[in-house]
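**Q**
Chains as they are written, first to last, in my numbering: chain A, 188 to 282; chain B, 643 to 1222.
The structure is reproduced here in C-alpha cells:
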C-alpha cells in the first residue's frame, strides 16, 4: 500500500482485501509503510476486515504505521482490535 | 447557496419573461465560484439588455456572439447593466471589443460603481483581493447620480446608441415606517420598462433590476456570508436597509423569480427565506474587519492549518463511531450499531476533506490568490457542520473531541468573517484547569458500577453502554505524572482554549506512541511554565501545519508555546503570565 487511503482509494483497498479473503486467504497483514493518511472510509475498511477475520486460525494485523496513521488509529481506539507491528519483518516473526 | 424549489428558468435557453409580453430572457448560469458571475441576456422590443457580462472573456465573448446571431431587422442597441462593479461581474467585457463599440453598446452602472470603474479602483472592484488587473472603463450612463439633482423626481431623456431614446425617472420606493430605497424607472418608446433599485450593502453601488416579474438581485443573497461580508465597500447598516427594502418588494407578491449573480434562479418565496436569513446574519456583523488581501492571506494560512486539524478530528470521530458499531455488532446489537453509524456521514466528510485537499494542491500549483482558498475552506466547513450530529455524537464518543471539532469549525468561520474570535481571558487557577483536563483524559465516562447498576433498565443502560464503548480515556495506557510543585498559580488565560491546547498536546504525545507522559508546572517570577513531555515516542515531529495550529491555539489561550522535538522525546513548553 502507498499514498493515501481516502474517499477515492478506500474502495480499492476493500476490494483488494476482499479479493484475498475470497480466495481463502485468512491471514492478512497490511503494510502501511508508504501510507501517510487514512480517512474515515479507510478506517471503516479496516474494521470491516476485522469483522471477517474473527474465526479460529484467522490472523489480521497492520505494520509499519506512519505517525499520522498511528495517531488516528490510536485515538479512534482501533489498536485494541488488531495487532500492529513496527515492521513487516517483526510482524512475520511474531505471526 | 440558492437551489431550485419549483419551476424557475432554464440556463442557456431563451424563454419568455413573465409579466413582460414580447420580452425574452436567456440566463447563463455558472457553477458557483468567485471568478465569474451569472450573466443574463434580455431581448426587448427596443433594446438588448445584458445584466452582468461576467468576469471571464470567454463568457462575455459568448454573450456578444449570441447577440450578433439574433435574428433582427435592424441592430438593436445593447445596454449592459452591472448589478455592481465587482470584477467577477464585468472583467470579461474588457477583452471583448463588442462592448466597447459606442455605436452599438452602452454600459449603465450606479454612479459610485462608474467612478470606481473609470478610476481603476482595485479596492472597490475587488480586483486587488482577487488578484486581477483591470483597465479604466468608461460608463455610458450613471444611475442615481446625485451630482445631477434634476434627475431625482424628474423625467430625463437619454439617447442610446442608434438614436433610441429612453426616459429615466427617479424617485424613492417607500416601505415600512418611513424607510425607503432609491428607485428608478427606465422607460422605452415601445412601452417596455425596467425598474432599478439602489440596494447598497454588498457594495455601495449595488442595484437590483426588475424586468416584468423577474428581479435580478446581484449578490444580495450572499452579502452576509463569511468571506463575502466585509469586502471593501461592504456596509452593514446599508445592507440591512437594502434587505428590508427588497423583502418588502417581494412581499408585494408581484415578482415570481429572483435571478442571483451566482447560483440558480429561485422563486420569490425561496429568496424571501434566504434574504431573511441574510438579514439576521447581517445584524450580528457589527465591527467586522475589511476582507482585504492581507487578511485573506492570513485567513488562507489558518484555513490550511485548521483543515489539517479538522481532518484528523473528523477521522478520529468517525473511527470512534465505527469502533462502537463494531463492538455492538460483536455483541449482537446490529440495530443499535446502525443507529450509531448514522450520526456521522463519513462518506460526505471524506469527500469534502478530499475536495479541499485537491483544491489546495491546485491552488498552490497555480499560485492563486489567497481569497480562493479561504473561501473554499469556508464552504467545506459550512458543509462539515451539517454532516455530523454534534449533540448526539457527544453523548457517545468523547465530548471533548466533538466539541473541539465544533469550536474549530466555528473559529474558522469567525476568522473568515473578520469577527473577533471568541476569547474570554480571565483570572483562573491553573492547577484546577490542568487537573480538570487530566481527569477528563483518565476516567471513563461511566464507571463499571454505574454501568452494572443500570443493567436492568434498557433506556438507561444502552446510552451508558454506548458511551462506555465510545469513550477511551486518553491516558489509560501510558505512565502519567502531574508535578504541580505544590503551587496553585492564578493566571490570565482563556480557560477553554487553554484546556483544548493541553488536550491536543496530550493527544499528539499519546497518539505518536509516548509510553510516558508528564505535566510539570513551575512558577518563575511573573510567569508560569507548563512543560508537557512525552518519551518513548515512536513517531516523528508533527507536521508544520499542525505545529502552526498549536501555536495559534496557544496565542488564543493567552500564552506562548515552544516545542522541543528530539526523536523519542518531545516537550511542549507553554508560558503564561501570572495574574496580578
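We treat Cβ as the ideally placed atom computed from N, Cα and C, and that holds for glycine. Note that the structure is predicted; figures quoted are calculated from it, not measured.
Does residue 811/B have its Cβ less than 8 Å from a Cβ in chain A?
**A** no
**Q** What's the call for residue 846/B, buried or exposed, on a 16-neighbour Cβ count within 10 Å?
**A** buried
**Q** Taking the alpha-carbon of residue 276/A as reference, which of 248/A, 263/A and 262/A has the nearest alpha-carbon?
**A** 248/A
**Q** Is the distance from the Cβ of residue 881/B to the Cβ of residue 866/B below 8 Å?
**A** yes
**Q** With 16 as the cutoff for other CB atoms within 10 Å, does residue 258/A come out buried or exposed?
**A** With 16 or more other CB atoms across the displayed protein chains lying within 10 angstroms of its CB, residue 258/A is buried.
**Q** Could you give the distance in angstroms between the alpha-carbon of residue 245/A and the alpha-carbon of residue 1006/B?
**A** Rounded to whole angstroms, the gap between the alpha carbons of residue 245/A and residue 1006/B is 46 Å.
**Q** Show which residues of chain B have a CB atom less than 9 Å away from the CB atom of residue 225/A.
**A** 957 and 961
**Q** Residue 686/B: which of 1003/B, 657/B and 954/B sits nearest, CA to CA?
**A** 657/B
**Q** List the whole-angstrom C-beta distance separating residue 909/B from residue 650/B, where the pair is believed to meet the contact cut-off of C-beta under 8 Å.
**A** 7 Å
**Q** Quick check: is the beta carbon of residue 262/A nearer than 8 Å to any beta carbon in chain B?
**A** yes
**Q** My output table needs one value for residue 1083/B: the three-state DSSP class, helix, strand or coil.
**A** Three-state DSSP puts residue 1083/B in coil, outside helix and strand.
**Q** Please return the same chain residues whose Cβ sits closer than 8 Å to the Cβ of residue 758/B, not counting the five positions on each side in sequence.
**A** Spatial neighbours of residue 758/B in its own chain (CB-CB distance under 8 Å, excluding positions within 5 residues in sequence) are listed in chain order as 727, 766, 767 and 847.
**Q** Could you pull the DSSP bridge partners for residue 817/B from this structure?
**A** 821/B
**Q** Please compile the residues from chain A whose C-beta is within a distance smaller than 7 Å of the C-beta of residue 592/B.
**A** One cannot answer for residue 592/B here, as it falls past the ends of chain B, which runs 643 to 1222.
**Q** Is any beta-carbon of chain B found at less than 8 Å from that of residue 234/A?
**A** Judged by the 8 Å Cβ criterion, residue 234/A is in contact with chain B.
**Q** Can you tell me the Cα-Cα spacing of residue 1102/B and residue 1095/B, whole angstroms?
**A** Approximately 10 Å between the Cα atoms of the pair.
**Q** Between which two residues does the beta strand (DSSP E) containing residue 989/B stretch?
**A** Not the beta strand (DSSP E): residue 989/B falls in the alpha helix (DSSP H), residues 988 to 1007.
**Q** Which residues in chain A have a C-beta closer than 9 Å to the C-beta of residue 1091/B? List them in chain order.
**A** Those do not exist, as residue 1091/B stays about 22 Å from chain A at its closest Cβ, beyond 9 Å.
**Q** What's the gap between the Cα of residue 886/B and the Cα of residue 1100/B?
**A** A direct Cα-to-Cα measurement between residue 886/B and residue 1100/B gives close to 52 Å.
**Q** In this structure, does DSSP put residue 236/A in helix, strand or coil?
**A** helix
**Q** With a threshold of 7 Å on Cβ separation, who are the neighbours of residue 1086/B within its own chain once the five nearest residues in sequence on each side are excluded?
**A** 1110, 1113 and 1115
**Q** Output the boundary residues of the beta strand (DSSP E) element that contains residue 1070/B.
**A** That run of the beta strand (DSSP E) goes 1067 to 1071.
**Q** Please identify the residue among 869/B, 763/B, 1064/B and 895/B whose C-alpha is closest to the C-alpha of residue 911/B.
**A** 895/B
**Q** Grab me the residues of residue 1009/B's own chain with a C-beta within less than 6 Å of its C-beta, minus the 5 sequence neighbours each way, in chain order.
**A** none
**Q** Could you check where the beta strand (DSSP E) with residue 1105/B kicks off and where it finishes?
**A** Where residue 1105/B is concerned, there is no enclosing beta strand (DSSP E), although the alpha helix (DSSP H) it sits in stretches over 1100 to 1112.
**Q** Residue 898/B by DSSP, collapsed to three states: which one?
**A** coil
**Q** Distance, Cα to Cα, residue 906/B vs residue 981/B?
**A** 35 Å
**Q** Assess, as a yes-or-no matter, whether the stretch 652 to 668 of chain B is touched by the stretch 261 to 272 of chain A under the definition of 3 or more beta carbon pairs within less than 8 Å.
**A** no
**Q** In the DSSP assignment, the beta strand (DSSP E) including residue 271/A goes from what residue to what residue?
**A** First-last of the beta strand (DSSP E) with residue 271/A: 270 to 272.
**Q** Quick one: is residue 213/A near chain B, going by C-beta distance under 8 Å?
**A** no
**Q** Could you check what DSSP says for residue 659/B in three-state terms: helix, strand or coil?
**A** coil
**Q** So which of 883/B, 1179/B and 1050/B has the shortest CA-CA distance to residue 819/B?
**A** Its Cα nearest to that of residue 819/B, the residue 883/B stands out among 883/B, 1179/B and 1050/B.
**Q** Note down, in chain order, each residue of its chain lying with its Cβ closer than 6 Å to the Cβ of residue 868/B, except the 5 sequence neighbours on either side.
**A** Excluding sequence positions up to five before and after residue 868/B, its CB lies within less than 6 Å of the CB of 1020, 1055, 1058 and 1059, all in the same chain and listed in chain order.
**Q** Sorted by chain position, which residues of the same chain lie with C-beta nearer than 6 Å to residue 1215/B's C-beta, five sequence neighbours on each side aside?
**A** 1173 and 1204
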